[in-house]
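A.B. asks: Before anything else, here's the structure in question.
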Amino acid sequence: MPRIGIFIDTLQGSIPASFQEKISDYVKKLPEIAFCLEEENLASSEALSRMGKRLEAGGLDGIVIIGGSPKLYETSFQKLRHPLPLNPYLFAVANIREQALWLMLEEEAALERAKTIISKTIRAVSHSKPIETQSLPLKPDVLILGGGITGISIAQELAKAGIHVFLVEKGTHLGGKALELHRFYNRPLEVRKWMDEKISVVKNNPQITLLTQTELKRLEGHLGRFQAKIQGPDRTETVLAVSAIVAATGYASQRETKGIYRHKRVIVFPEMEKLLSETKGPSLLWDGKKIEMVTYLLDGVNEDIKVDSINAVKQALILQEAFQCQVAILCKDVKVAADGMERLYRKAREKGVLFFKYEEPPKLSIVNGQIQVDVKDTAAIQKREQWPVSILSDFVVVSEAFVPTPETESLSGLLKIHLGNRGFLMEDNPQLLRVRSNRRGIFVAGACRFPQEVSESLIEARAVTQEVTALLSKGTYTYDLAVAEVDPKKCAVCYTCPRLCPHSAITVEKYGEKNVYITSGTGQETKWGAAKVDPASCYGCGICVAECPAKAITLQHLTDAQIYAQMGMME
Amino acid sequence: MSAFDPKIVAFCCDQSGYPAADMAGTLKLKLPKNVEIVRVPCAGRIETIYLLKALEKGADGVLVFACYEENCQFLRGNLRAKGRLSYAHRMLEKIGLEKERIEICHLATNSGAKWVETLRRKSEQLKKMGPNPGKL
Amino acid sequence: MKAGSNLEKVLEKGLFAVTGELGPPKGNDVSVIKRKVELLKGYVDAVNVTDNQTAIVRMSSIATSSLLIQMGLEPVMQMTTRDRNRIAIQSDIFGATALGIKNMLCLTGDHHTFGNQVDAKNVHDLDSIQLIDCVRTMRDQGTLLGGEEKIEGEIKLFIGAAENPFGDPFEFRAIRLGKKVAAGVNFIQTQCIYDMNRFKEWMKMVRDRGLHEKCHILAGVTPLKSGGMARYMAKNVSGIIIPDEIIDRVVKAKKPAEEGIKICVEQIQELREIEGVHGVHIMAIEWEQMTSKITEMVGLLPRPKVE
Amino acid sequence: MIKAEQKPIDEILKYLNPYNKILLSGCGACVTVCHAGGEKEVELLASGLRMARQKIGKKIEVLEITPARQCEPEFALEMSETIEKVEAVLSISCGVGVQTLVRHFPKIPIFPGVNTSFLGETITHGVWEERCQACGNCVLEKTGGICPISRCAKQLLNGPCGGSSKGKCEIKKEADCAWQLIYDRLKALNQLYKMEEIIPAKRWGVESRDSGLRRIIREDLKV
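Protein chains in written order, with this note's numbering: chain Z, 1 to 571; chain G, 1 to 136; chain U, 1 to 307; chain W, 1 to 223.
In structure tokens, the structure reads:
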């Protein structure tokens, strides 16, 4: 017979005294009960120290708290960080307030229901085992994939925090897509100069090992013990041992090359940037002639990405102010949701940049060697009416489609992280954890996650830096063994669990030293291939447990027996 | 002879169903009497056998409260649960039990009213259907 | 001469051959055969008798062929490997040749799941190329397959096979014909041709391999009856390509059937000009009466009497 | 490995009708991997059977067991104590496992609970495809490693039939044409000459599956 201690929490009167008394009477008659104490507010630190003292006496197999929602205690216990002399997994909560008292019309029914809940909880806790905590040393070594603006910034910041970085770039030089820019939209500097400075800092920092013309070939291990095999310029292979990995491999762009898009007066943003950076004089010359009219055609592709909007407004202002051009911007929506963009947009309007909003795609045609753009403007006039406008342009600047880099898919396979709908690397939770991947210890940042402007990438770089620093600063990672565990003897190595684990925490491994399977009779050790859950990477969701066709996996803190107890269906 | 009060096992995902149940309590909404709440970390933890065992061992109906699709903290736990339900449904149909005895309901943390409403509706539906003839 | 059939004689003389097609009845009603024979007799050099085509159960090809001989029309007996193993095949060849059948077309056959006995167990003991090899062995070596057991009597057969220039992989289609030639085929009838460009491309590959000199190629044609039929075939029948312009012509025509015949006639005229095409195989399925009209319009009548 | 699919439970119920106490036996090998007959499926089927029989007022007791591999005599014999307690056995291992039990338990009826489907591989999780028909006379060397016996509906050995269209088979439009795959692969390996050679009629009857019971006897291994 297990010995269970009971604490009844009246939650500052929200469980009425009369009800509580009846509960106490019921509980005290139960055979498993070692003691039953009442508290008014169990989550207070005073009550917790009283509880601690009571538990020090020992001799208990579990504790049942009778009170409100377990969520309440879980958060407040964590907040109070009260070390109790009993393993936290031997606690269970009988939620009689939310689930009985408050959900039942009559007190009699509520009481009956509360009794059932209590008896179920006692059964469940009798099946509980203490669960240990483990910790994992984390060396301050990080691998960053991608030497673009995001990767460079993260490397720089991590180095400042005393973390050693391997910065791996597949190309010959650092800088990435940002080098296609001439000017920032929100700072006065020239991009090239600014980048050169950053690159030289990275190159000369002893905390940063720069590896160009290098690619990731293979990745093994988990958080804190990643083994990354990389291949250098002369096909040399090296294995880097790192604690965490950041993917910052950027994006690629694809230019439309059909029909009129091949025309030399239809250009893309990087070409205009180049032209602007190379022209000194008071006017923009092309083929010996002055450029007077430039039309930007946005939202043909990348409709929900704001990069083109930002660059179009930025370039338009330069064209209007420095080169006396007339600029028209055609779009479905002007996207100003970036720092300082609203102001820039207003300035562009003041300086005479024309904005047209369209629904039907504008038509391009060649008229006297120039490009005529026909658009039905829907902005200025009443709904449902469209105002046809023709703009004879010297240049039409169009968007390139932003797509994942060709390696993105294979990278997601190597890192075992998810791809989103459009084939970019996916974050774990778009609302909360933008830079964490689904795997503990692997981060995704910058345009490999979603095409973005330099300033946004810098924000993500900072976020990654904070996350990685927070993870590595303690030197260890501590976790409960409240995770899934495979019984290698039952495992049929069917690969169901590694395929379904949302956090890529399961691999098939050879069990050698630990979990040795002894062939019966021979006494000889056999290396047994079986699935293995990395406890530091497991989030304890239980998907693998439910799917395993051999029933070889157990969720340590929520076993079949505990679930059947909750169902009220234990024999 | 008391009226038939159907027994329902309600599996509640800790990310949606369980907080919704708490919310229902806080709102003091009234629940049918005979509901067993089972708290799971994710609907993906709910094994097919739990759905069947619930019926076998005495429940008249089973409800799985899971997060909305594409909103699973564990990416596809709720979809796995849906797949397992369809397996259980196939089996119930073949053995002549009403597949409506097992149902999934997608909701969010703040769906206290929906949580209670779904259980009330299920309870009414089961009353009409009568006791589960498969329970031992 | 391999078998001395009329078809063989016409082809060996270098004349442009015409073959037709006759589907046996779904029962034992000989009058159906008689009616079809009347429609074809005199307009073709020989007529293919299908072997449970599209796996629909019909009167056996051997029996029908034998009846045709009695009615004075030369048959090309089709035989598929779908329903017979090598024992049945060789036994049937004994019987067929004894009944005076001189032309045989070696086929794998349409898959049985397309037919009306979908739960059948198919055989496919041999494939069509192995069947050609089997018949050739029986005829030229006088032994059964395997080359040891002597045959009593002589097997005389003009061996044919089918080829589909519109199946994939396209580049392999001429190689496959080469395999049939190597296995011993004497003539080839193609799947019905609508995509003339692809057929010409295939014929070029055939000529590059010199195959047109090693076997007679009869180009297959099927007149389109209606726009619906054209669309259906283009969409649903694997291994048939019908260009949009042809579908359009039939669909838009006031009298689609007449337009279909007209297209067919034009096609035959074009096919005649292609080097290596030695004849035409007109598959007027359940529309046998059109065979005479088509041959007349192309100017292929009267059919030669060759001795 | 062997791929199988569970039989519809109503079919199973029909032949279990005369029995009131049975053993449901799974297998820890192939059928576990393809989610047809592992411990998980044993539990599920057992529960379904009990409820079905409860419903018609004819209770059945179902014992559950899942040996590591049902097709080895030792594993089968380990089950003998349990088997002696029941009136019949329902085995959801493959057809081989069923017959291993049949061989060792002559007096107890043994029923199959799955349809043994084919020898195949996993395409993605939950999708399996046939790859081998155990013809006993492997032709993969000649066909670029792609088996036309199991993957061509007509088991052609000398190239595709006329129904191969855009890489797909005309019989099952969702299936790739095996000979298109073979062609593509041999082309990539620069071995197209293999497709020009005539593969002679296959010897189905002597050393293949139509030769009657096939056995492998390894004199060196026999004890």
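Backbone N, C-alpha and C fix where the C-beta goes; we use that ideal spot for every residue, glycine too.
Over what stretch of residues does the alpha helix (DSSP H) that includes U/I89 continue unbroken?
C.D. replies: The sequence position of residue 89 of chain U within the third sequence is 89, counting from 1. Its alpha helix (DSSP H) spans residues R86 to A98.
A.B. asks: Does the region 29–39 of chain U come close enough to the region 229–236 of chain U that 3 or more CB-CB pairs lie under 8 Å?
C.D. replies: At 8 Å Cβ cutoff, the stretches do not touch.
A.B. asks: Give the straight-line distance between the Cα atoms of W/E5 and U/V10, rounded to the nearest whole angstrom.
C.D. replies: For the purposes of this step, residue 5 of chain W is identified with residue 5 of the fourth sequence, where counting begins at 1. For the purposes of this step, residue 10 of chain U is identified with residue 10 of the third sequence, where counting begins at 1. So the two alpha carbons sit approximately 58 Å from each other.
A.B. asks: Spatial neighbours of U/L218 within its chain, please: CB distance less than 8 Å, with the 5 preceding and 5 following residues excluded, ordered by chain position.
C.D. replies: Against the third sequence, residue 218 of chain U aligns to sequence position 218. Here the set comprises A17, T19, F187, I188, Q189, T190, V277, H278, G279, V280 and H281.
A.B. asks: What is the residue span of the beta strand (DSSP E) that U/K204 lies within?
C.D. replies: On the third sequence, position 204 is the one that residue 204 of chain U refers to. First-last for U/K204: M196 to D208, but that is the alpha helix (DSSP H), not the beta strand (DSSP E).
A.B. asks: Can you pull the chain G neighbours of Z/K563, defined as C-beta to C-beta under 7 Å?
C.D. replies: For the purposes of this step, residue 563 of chain Z is identified with residue 563 of the first sequence, where counting begins at 1. In the sequence as displayed, the identity of residue 563 of chain Z is Ile instead of Lys. Under the 7 Å cutoff, chain G gives V38 and Y50.
A.B. asks: Please determine if the region 164–174 of chain Z and the region 430–449 of chain Z are in contact, where contact requires at least 3 C-beta pairs separated by less than 8 Å.
C.D. replies: Cβ pair count under 8 Å is below three, so no.
A.B. asks: I believe G/L136 touches W/Q54 by the beta-carbon criterion, under 8 Å. Please report the beta-carbon distance rounded to the nearest angstrom.
C.D. replies: Residue mapping note: residue 136 of chain G aligns to position 136 of the second sequence, counting from 1. Residue mapping note: residue 54 of chain W aligns to position 54 of the fourth sequence, counting from 1. About 6 Å separates the two Cβ atoms, so the contact holds.
A.B. asks: Judging by CA-CA distance, which residue of U/P165, U/V185, U/G167 and U/D110 is the nearest neighbour of U/T137?
C.D. replies: For this step, residue 137 of chain U is matched to residue 137 along the third sequence. Among U/P165, U/V185, U/G167 and U/D110, the Cα nearest to that of U/T137 is on U/V185.
A.B. asks: Take Z/A94 and list the residues in its own chain whose beta-carbon comes closer than 6 Å to its own, dropping the five residues that flank it on each side.
C.D. replies: Residue 94 of chain Z sits at position 94 when you count from the first residue of the first sequence. Excluding sequence neighbours, Z/A94 sits near V64, I66, I117, I118 and T121.
A.B. asks: Among Z/K139, Z/F402, Z/R449 and Z/R50, which one has its Cα closest to the Cα of Z/H418?
C.D. replies: For the purposes of this step, residue 418 of chain Z is taken as the residue at position 418 of the first sequence. The candidate whose alpha carbon is nearest that of Z/H418 is Z/R449.
A.B. asks: Where does G/E124 sit, in a helix, a strand or coil, going by DSSP?
C.D. replies: As a first step, residue 124 of chain G must be located in the second sequence, where it is residue number 124. Three-state DSSP puts G/E124 in a helix.
A.B. asks: Can you pull the chain G neighbours of W/L44, defined as C-beta to C-beta under 8 Å?
C.D. replies: In the fourth sequence, counting from the first residue as 1, residue 44 of chain W sits at position 44. Chain G residues near W/L44: T48, I49, L52, Y87 and M91.
A.B. asks: Would you check if the distance between the CB atom of Z/R113 and the CB atom of Z/M104 is smaller than 8 Å?
C.D. replies: Along the first sequence, one-based indexing puts residue 113 of chain Z at 113. Along the first sequence, one-based indexing puts residue 104 of chain Z at 104. Result yes, Cβ atoms of Z/R113 and Z/M104 sit closer than 8 Å.
A.B. asks: Note down the Cα distance separating G/S16 from Z/I131, rounded to an integer number of angstroms.
C.D. replies: Start at 1 with the first residue of the second sequence, and residue 16 of chain G comes out as number 16. Start at 1 with the first residue of the first sequence, and residue 131 of chain Z comes out as number 131. Computed Cα separation, rounded: 26 Å.
A.B. asks: Taking 8 Å as the CB-CB cut-off, is G/P133 touching chain W?
C.D. replies: As a position in the second sequence, residue 133 of chain G is number 133, starting the count at 1. Closer than 8 Å to some Cβ of chain W, the Cβ of G/P133 qualifies, so yes.
A.B. asks: Let me make sure I understand the geometry here. Which of Z/I318, Z/S457 and Z/L285 has the alpha-carbon closest to that of Z/G147?
C.D. replies: The sequence position of residue 147 of chain Z within the first sequence is 147, counting from 1. Of Z/I318, Z/S457 and Z/L285, the residue nearest in Cα terms is Z/S457.
A.B. asks: Looking at Z/G68: is its Cβ nearer than 8 Å to the Cβ of Z/L145?
C.D. replies: Against the first sequence, residue 68 of chain Z aligns to sequence position 68. Against the first sequence, residue 145 of chain Z aligns to sequence position 145. Taking 8 Å as the Cβ cut-off, Z/G68 and Z/L145 do not qualify as a contacting pair.
A.B. asks: In the structure shown, what three-state DSSP assignment does Z/L330 receive?
C.D. replies: Counting from 1 along the first sequence, the entry for residue 330 of chain Z is found at position 330. Strand, per DSSP.
A.B. asks: Do U/I159 and U/V181 come within 8 Å of each other at the CB atom, strictly closer than that value?
C.D. replies: For the purposes of this step, residue 181 of chain U is taken as the residue at position 181 of the third sequence. For the purposes of this step, residue 159 of chain U is taken as the residue at position 159 of the third sequence. In this structure, U/I159 does not lie closer than 8 Å to U/V181 by Cβ.
A.B. asks: How about Z/L319 and Z/V301: do their beta carbons lie closer than 8 Å?
C.D. replies: Counted from its first residue, the first sequence places residue 319 of chain Z at position 319. Counted from its first residue, the first sequence places residue 301 of chain Z at position 301. Cβ distance not < 8 Å, so Z/L319 and Z/V301 don't count as in contact.
A.B. asks: For Z/A241 and G/I49, I'd like the C-alpha separation in whole angstroms.
C.D. replies: Start at 1 with the first residue of the first sequence, and residue 241 of chain Z comes out as number 241. Start at 1 with the first residue of the second sequence, and residue 49 of chain G comes out as number 49. Rounded to the nearest angstrom, the two C-alpha atoms are 42 Å apart.
A.B. asks: Start and end of the alpha helix (DSSP H) containing Z/H418?
C.D. replies: As a working note, residue 418 of chain Z is residue 418 in the first sequence. Here Z/H418 belongs to no alpha helix (DSSP H), and DSSP marks it neither H nor E.
A.B. asks: In chain W, what lies closer than 8 Å to Z/T496 by C-beta?
C.D. replies: The residue labelled residue 496 of chain Z in the question sits at position 496 within the first sequence. By Cβ distance, chain W contributes H35 and H125.
A.B. asks: With the cut-off set at 8 Å, would you say Z/V375 and Z/V389 are in Cβ contact?
C.D. replies: The residue you call residue 375 of chain Z lines up with position 375 of the first sequence. The residue you call residue 389 of chain Z lines up with position 389 of the first sequence. Contact: yes.
A.B. asks: Tell me which same chain residues have a C-beta within less than 6 Å of the C-beta of Z/A447, skipping the five on either side of it?
C.D. replies: For the purposes of this step, residue 447 of chain Z is identified with residue 447 of the first sequence, where counting begins at 1. So the qualifying residues of the chain are G250 and Y251.
A.B. asks: Just curious, the alpha helix (DSSP H) that Z/W194 is in, first and last residue?
C.D. replies: Residue mapping note: residue 194 of chain Z aligns to position 194 of the first sequence, counting from 1. V191 to N204 is the extent of the alpha helix (DSSP H) around Z/W194.
A.B. asks: Who are Z/K532's beta bridge partners in DSSP?
C.D. replies: By one-based count along the first sequence, residue 532 of chain Z stands at place 532. The partner list for Z/K532 (beta bridge, DSSP) reads Z/T507.
A.B. asks: What does a CB cutoff of less than 7 Å around Z/G523 pick up in its chain, not counting 5 residues either side in sequence?
C.D. replies: Looking up residue 523 of chain Z in the first sequence gives position 523. Only weak support exists for where Z/G523 lies, its pLDDT of 42 falling under 50; the value from the coordinates is given anyway. If we look at Z/G523 and ignore the five residues flanking it on each side, it has no Cβ neighbours.
A.B. asks: Please confirm whether W/L156 has its beta-carbon closer than 8 Å to some beta-carbon of chain U.
C.D. replies: Indexing the fourth sequence from 1 puts residue 156 of chain W at position 156. Judged by the 8 Å Cβ criterion, W/L156 is in contact with chain U.
A.B. asks: Using the Cα positions of W/K21 and W/L49, report the straight-line distance between them to the nearest angstrom.
C.D. replies: Residue 21 of chain W sits at position 21 when you count from the first residue of the fourth sequence. Residue 49 of chain W sits at position 49 when you count from the first residue of the fourth sequence. Each residue's Cα considered, the two are about 11 Å apart.
A.B. asks: Looking at Z/P85: is its Cβ nearer than 8 Å to the Cβ of Z/V307?
C.D. replies: One-based indexing of the first sequence puts residue 85 of chain Z at position 85. One-based indexing of the first sequence puts residue 307 of chain Z at position 307. No. Outside cutoff.
A.B. asks: Output needed in chain order: residues of the region 189–220 of chain W with a Cβ under 7 Å from some Cβ in chain U.
C.D. replies: So the close ones are M195, E196, I198, P200, A201 and W204.
A.B. asks: Going by Cα to Cα distance, which pick from Z/E39, Z/A248, Z/T150 and Z/H173 is closest to Z/S412?
C.D. replies: As a working note, residue 412 of chain Z is residue 412 in the first sequence. Considering only alpha carbons, the answer is Z/A248.
A.B. asks: How many angstroms separate the CA atom of W/G26 from the CA atom of W/I92?
C.D. replies: As a working note, residue 26 of chain W is residue 26 in the fourth sequence. As a working note, residue 92 of chain W is residue 92 in the fourth sequence. Spanning the two alpha carbons is a distance of roughly 5 Å.
A.B. asks: If we define contact as Cβ-Cβ less than 8 Å, is W/P8 a contact residue for chain G?
C.D. replies: Position 8 of the fourth sequence holds residue 8 of chain W. Taking Cβ atoms only, chain G reaches closer than 8 Å to W/P8, which makes this a yes.
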